[in-house]
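Have a look at the structure below, then the notes.
Chains as they are written, first to last, in our numbering: chain A, 1 to 156; chain B, 1001 to 1788; chain C, 2001 to 2265.
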């Protein structure tokens, strides 16, 4: 089996993997980072979104072997030095989650949205940018609010 | 303590683990030596099984076992059950066909469970499952209800030769007919309530474990009610007696009804763990969820409303065909009957109501409770009829509603319910104000200038939550009681653990329940933990569904807290050397009336456990109490939602411009969480109205078996919601709570469709009002305009 | 997924050589279609040749009167390229409408064109702009490239390396999304170069992307959405599914063409 080495949440990791192993399964099963979730089979729900080399991707639609040398950040790696990321804080402060299942992917996508669009984002843009993340609990209202607030906080 | 007590928008205690990826869902659980279950599912909607040949699968790499229905029978594992007995109007009991966890000679829908492969890895299980050879004799599918009940239609269950589960009715037919005979105007509608797939984002999952040393099973599962699962798996399916079966529902990623039920997969996993001597895990992929989770809604209804010459409603007649799918799921029989017809009076004073419901088998996935369960279907019927009646009689729909509202309480409807408290006029008046209803005409003209059709739709809903008292639901056929239990354990340092039979899968119980305790005991919510979802920890419980956890679950906690207070006062009396009758408890302090002698709650807790100040013969040491709460009535949340939208007649795209919700949920524990529940419900209701539909083709294949074809609402499909409240206290529980979990999903669909039909100028549109459907309907509007 | 052997060549030559030797091989670009298809066990290549480590396959370059885009250029980079936004803004616009942000961060133009999903966006741009698909073996004109549903002129082992798009005077793209999958139910790309107007439609055709000659004729007369008033596309040859029937698709083609024309710059 091929050996794949990458950096996950700042730590170097290396493992023999079956080439079929998707990044999400590598994270969940090999590294026991179970914060990244699987909610569909068709790359649409976004519960599995992680950052690879600074950009959001759906970890259910990427082979672990293809990510040799990649720098991966999962929801577990977002808080730094015991301090929550501003987007995590914003989700809690704005009740942007209920069952919590879509939340890790939502937060990772939200960070990516701000990285690409800056800290002043209007509601319409946030809603459009969330096309790849499905939530069944919140009706999106508080997620949108949380992302706007998180964006402001990320901007300083 | 007011900052974290009742009524405060406290930020949720459970969120930290969810926002840091430390939630603990069933699929996150891995047991040592774990194997994986992969189900062989029927590719046919209806077929007899001639034989199953598992020999190739058994020699496939990594395979431990392949089991079929025969193995379950050999082990005396019973079939899945339906726990609510409905009798037809002729008095005969419903015709419940057998529902084996693995097929017994026949399959009845695509996705039906035929066999299970247990393998070392999921991938190996999947390889092997493809090698299980099933020889099917394909039978004719029965997808459409109208076809199912035609003479000569293929029979799905031998016990129901006409594919009819029951012909049930409620109300006074003669009185209703008399009202129609005298009516000045009759409004008639044919209504389809579309079939939905619940789609909690966490797919169902189970890990079965068996300990041969103690001959005991553990089932980790995605359940809204682990105790009910244990009860059914023990008493009916016969996996193990209750004291030898522990069911744990850890963090559960949404349920919306679909995780109430006891399904084949969970049953098989826990049973198979003993068979193979190793833990067995199964996690649904999304396609399996589409195929085999219980679906929701799916009614076809003809409804008529009688109105007198003064515009007062005098009668309502409803005939509904309810698609129950291929088998009766756990509570399926109750949804289109007792959870539906008793709500047909809506918020209105209707003297005569008669409802008939035919429950029908088809070769489709079982249909059971989905957010609202019967009440959205009833509300859709009532609010569409009311809206159309107002339009037909030339009365403003808001005024028509006001004229017919129930205004005095208690109000006994002709369909079981006795509404205890409400102020429907207050909600409507406030909603009209918030929605700027009086200027809709102006906004319509502005939209018209842009070539867009604007419409506004009102929905004044009522629902019945906290289904109880147990004796009453028992008399209606329920196989269980619908009380709730709670245990309050005060630790010697004064921290508190609440053990509850309610189960949180997004509702935020860890916060709201702690707020109640904080308010009552005057301690910080940080010193309160909520324990739920484990049958070894919580003695008994009925779980969370039907918006019952506030009204019923918290009432049980409140009752246990009463007992804690009584006991603690006795302890305090000994410590303060006073009579317990003179002890007052306020803001976390016990004090002797008229003196400055006092002791705080934590010190009383310590004194209760060290027991130095009193004799154990006079007062038991310790501070722990439990309670069961059985409500005296249903609760009746009600409110008004107003939807305003624009249609692009060129494409048929509907854009919701404004959403106003005014709800009366009685007392509110945490307004932030309540609003969140409203938002989520509206989102699902908009989904039903505009986007979602489970579609089977003629051969019984589910066409919408993934997110490629089943349209889940996205963030850009829904608006921001403007949520307001009115309040009348619920008199039937100590906290005055009515329940809020389902309101949005109940209120929203008719609000959307009333708005669309307002924009279109005709009533010919069904749910979901997809762009194609709206475009076609808009063509009709243009045609009608041209003809004018 | 079924098992496969994974290859990660570092040059096009090496990739072609692996493909030549390996049985039942498929190239993996961004994987946004192939991986889900493999997960659902609808595709089962014995050999998977990952092109992502081939360095010189990504990039956007304006060369004279054309824009040349490397096959492994991600949709995100196409959407955000300043050069492209200046030269063919409609093409950048189109790339920004594909899938969702996470998909745009992975999916590639070469992968999309090689797959030729009948509801994909790029085929409409390639056909309307008269693109040239450049492979490791030859150059293929867009007119000859799209041969049917998921079918192209590519031969076994042939790898797209670049796509060259002539810069039009004006172009615009508008699509009507499938409400569930968000793929195009109808996507219309209009392009005007000199007196030549080309209009390509994706998502609607039963045999994939096609040119809407009726609309081309109307826009050639005058390049304005007003020219399309009353232009009715025939429903024959269009798809019908649970989201849209052929008649609705035919209607939407005209509506989207109008909106694309209004947007064109």
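Idealized CB from N, CA, C, for every residue including glycine. Please read all numbers here as calculations on a predicted model, not as lab measurements.
Length of the line joining the Cα atoms of residue i and residue j
i, j, result
"residue 90 of chain A", "residue 44 of chain A", "24 angstroms"
"residue 1471 of chain B", "residue 1391 of chain B", "42 angstroms"
"residue 30 of chain A", "residue 2150 of chain C", "36 angstroms"
"residue 1449 of chain B", "residue 2061 of chain C", "44 angstroms"
"residue 1272 of chain B", "residue 1591 of chain B", "58 angstroms"
"residue 13 of chain A", "residue 109 of chain A", "24 angstroms"
"residue 1001 of chain B", "residue 1516 of chain B", "Caution applies to residue 1001 of chain B, whose pLDDT of 40 falls short of 50 and renders its modelled position unreliable; the value that the coordinates give is listed next. Answer to the nearest angstrom: the Cα atoms are 11 angstroms apart."
"residue 1077 of chain B", "residue 1655 of chain B", "51 angstroms"
"residue 134 of chain A", "residue 1332 of chain B", "28 angstroms"
"residue 1572 of chain B", "residue 1599 of chain B", "7 angstroms"
"residue 130 of chain A", "residue 122 of chain A", "13 angstroms"
"residue 2159 of chain C", "residue 2010 of chain C", "14 angstroms"
"residue 1736 of chain B", "residue 1424 of chain B", "17 angstroms"
"residue 1680 of chain B", "residue 1620 of chain B", "46 angstroms"
"residue 1535 of chain B", "residue 1249 of chain B", "9 angstroms"
"residue 1618 of chain B", "residue 1494 of chain B", "22 angstroms"
Burial state of residue i, where buried means 16 or more other Cβ atoms lie within 10 Å
i, result
"residue 2056 of chain C", "exposed"
"residue 1154 of chain B", "exposed"
"residue 1418 of chain B", "exposed"
"residue 155 of chain A", "exposed"
"residue 1021 of chain B", "buried"
"residue 2141 of chain C", "exposed"
"residue 1754 of chain B", "buried"
"residue 2182 of chain C", "buried"
"residue 2086 of chain C", "exposed"
"residue 1169 of chain B", "buried"
"residue 2081 of chain C", "buried"
"residue 21 of chain A", "buried"
"residue 1 of chain A", "exposed"
Helix, strand or coil at residue i according to DSSP, with G and I counted as helix
i, result
"residue 1487 of chain B", "strand"
"residue 1186 of chain B", "strand"
"residue 1584 of chain B", "strand"
"residue 1686 of chain B", "helix"
"residue 2148 of chain C", "strand"
"residue 1180 of chain B", "helix"
"residue 1562 of chain B", "helix"
"residue 1001 of chain B", "With a pLDDT of 40 at residue 1001 of chain B, under the threshold of 50, the modelled position of that residue is not reliable, and the figure given next carries that caveat. Coil at residue 1001 of chain B, not helix or strand."
"residue 1365 of chain B", "coil"
"residue 188 of chain A", "As shown, chain A starts at 1 and ends at 156. That puts residue 188 of chain A outside it, with no answer to give."
"residue 1273 of chain B", "helix"
"residue 2063 of chain C", "strand"
Which residues DSSP lists as bridging residue i, in chain order
i, result
"residue 2177 of chain C", "C:2184"
"residue 1412 of chain B", "B:1418"
"residue 1323 of chain B", "B:1360"
"residue 1017 of chain B", "None, per the DSSP bridge assignment."
"residue 1281 of chain B", "B:1036 and B:1207"
"residue 1639 of chain B", "B:1461 and B:1663"
"residue 1629 of chain B", "B:1484"
"residue 1084 of chain B", "B:1478"
"residue 14 of chain A", "A:5"
Chain-ordered neighbours of residue i on chain E, where CB pairs are closer than 8 angstroms
i, result
"residue 49 of chain A", "This model lacks chain E altogether; the protein chains it does include are A, B and C."
Q. In chain order, which continuous runs of the beta strand (DSSP E) of length 3 or greater are located wholly inside the stretch 1485-1548 of chain B?
A. With a minimum length of 3 residues, the unbroken runs of beta strand (DSSP E) contained wholly in the stretch 1485-1548 of chain B fall at 1496-1500 and 1528-1531.
Q: With a floor of 3 residues, list each beta strand (DSSP E) that falls wholly inside the stretch 1680-1743 of chain B, ordered by position along the chain.
A: 1722-1726
Q. What are the uninterrupted segments assigned as alpha helix (DSSP H) that are 4 or more residues long and contained completely in the stretch 43-93 of chain A, given in chain order?
A. 86-93
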